[in-house]
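S.K.: Residue numbers (our numbering), protein chains in the order written: chain A, 1 to 113; chain B, 1001 to 1246. Heads up, the beta-carbon is just placed ideally off N, CA and C, and yes, glycines get one too. Handing you this structure, nothing more for now.
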């Protein structure tokens, strides 16, 4: 249930930004959560519901962008989509790969009133 | 609010990287901040402390019961004449593991995470303040037994060692890929039990390599002692040699 820690960190970031902007609440928050980031969305949603109560994010609309997994093969240079961490290169079947996208875990933007 | 490291919610005070767009009454703030930013910052701070004191820090992760504490007990006992050790134990409850480490004569501190499922760099930061590890020592952090959550939290370690045992499934690396992906060494423990369990060690190694082609693998048995020398050699090869002042 590390999702709760992740949500708490998001609240902390949002809170800091709200204070800086002299805002009492946040209307919208845009997050980037890659498909390979290790976040289980149902656990994340559950943690979110509980944790945002009485915080600046309580009524914020949440927009979650989910970059897909991408990797490049270090043997044959093929770029390919991957949906799990042990996916081999589809061209040469090698596991010598480097993940290039999908591990994002970021607060992109906030809209404050 | 932590007075020492300022890790409260009001510490983000720089303005330079922000673009404010005023549109009616609404303001969009481009934050572009890694959610684990605060953990990663403190992890780097820990790492700087280790570098300055020439301390080798290892983060031991595994599921519960794979033998992290037994491996530590064995290592601390066998190598205590050669290396200076300190240990941070992480568990939800009890000081049982810390007591076992203490019995080997090693300086140890226990972190109880309560409901928490992992250690984070902030806990380590404060544990270090109490522990005050000596220069040139080796610090083992035994994480909470959990193959999922600790994977995301950098503690400032030099190496992450994932331990699995032959009483688990040989598909463990595929089931919990994040942990194997972020580790540098995999220890396969309890090899003395191989004749009695359906664990295919080659398959396990193959699976681990599928997730992380850079992963090194060492097979050991803390009961029979088999393979421990290889682990000790690996460990000693990682100890930083202090640079001599000319």
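Which same chain residues end up closer than 6 Å to residue 1200/B when comparing Cβ atoms and leaving out the 5 residues on each side of it in sequence?
M.R.: 1170
S.K.: In terms of DSSP beta bridges, what is residue 101/A paired with?
M.R.: DSSP output for residue 101/A lists 70/A as bridge partner(s).
S.K.: Give a yes or no on contact between the stretch 1139-1154 of chain B and the stretch 1084-1092 of chain B, applying the rule of three or more CB pairs nearer than 8 Å.
M.R.: A contact exists between the stretch 1139-1154 of chain B and the stretch 1084-1092 of chain B.
S.K.: For residue 1151/B and residue 1182/B, which I take to be in contact (beta-carbon distance under 8 Å), what is that distance rounded to the nearest angstrom?
M.R.: 5 Å
S.K.: Per DSSP, residue 1107/B forms a beta bridge with which residues?
M.R.: 1086/B
S.K.: Output, in chain order, the set of chain B residues within a Cβ distance shorter than 9 Å of residue 57/A.
M.R.: At a beta-carbon threshold of 9 Å, none of the residues of chain B lie near residue 57/A; the nearest stands roughly 12 Å away.
S.K.: Pull up the CB-CB distance for residue 1191/B and residue 1159/B, whole angstroms please, since I reckon it's below 8 Å.
M.R.: Contact flag wrong, Cβ pair sits at about 21 Å.
S.K.: Got a sec: is the Cβ-Cβ distance from residue 1229/B to anything in chain A below 8 Å?
M.R.: no
S.K.: Return yes when the Cβ of residue 62/A is within less than 8 Å of the Cβ of residue 31/A, no when it is not.
M.R.: yes
S.K.: Span of the alpha helix (DSSP H) holding residue 4/A?
M.R.: 2-20 is the span of the alpha helix (DSSP H), which, as asked, contains residue 4/A.
S.K.: Are the stretch 1025-1036 of chain B and the stretch 5-12 of chain A in contact at 8 Å, needing three or more beta carbon pairs?
M.R.: yes
S.K.: Going along the stretch 81-112 of chain A in order, which residues come within less than 8 Å of chain B, judged by CB to CB distance?
M.R.: 84, 85, 86, 88, 95, 96, 97, 105, 106, 107, 108, 109, 110, 111, 112
S.K.: Would you call the stretch 1095-1104 of chain B and the stretch 1069-1086 of chain B touching, i.e. three or more CB-CB distances under 8 Å?
M.R.: When C-beta atoms of the stretch 1095-1104 of chain B are compared with those of the stretch 1069-1086 of chain B, three or more pairs fall below 8 Å, so the two segments count as touching.
S.K.: With 9 Å as the C-beta to C-beta threshold (strictly closer), list the residues of the stretch 1117-1130 of chain B near chain A in chain order.
M.R.: 1117, 1118, 1120
S.K.: Give the residues of chain A in contact with residue 1151/B, contact being defined as C-beta atoms less than 9 Å apart.
M.R.: 2, 38
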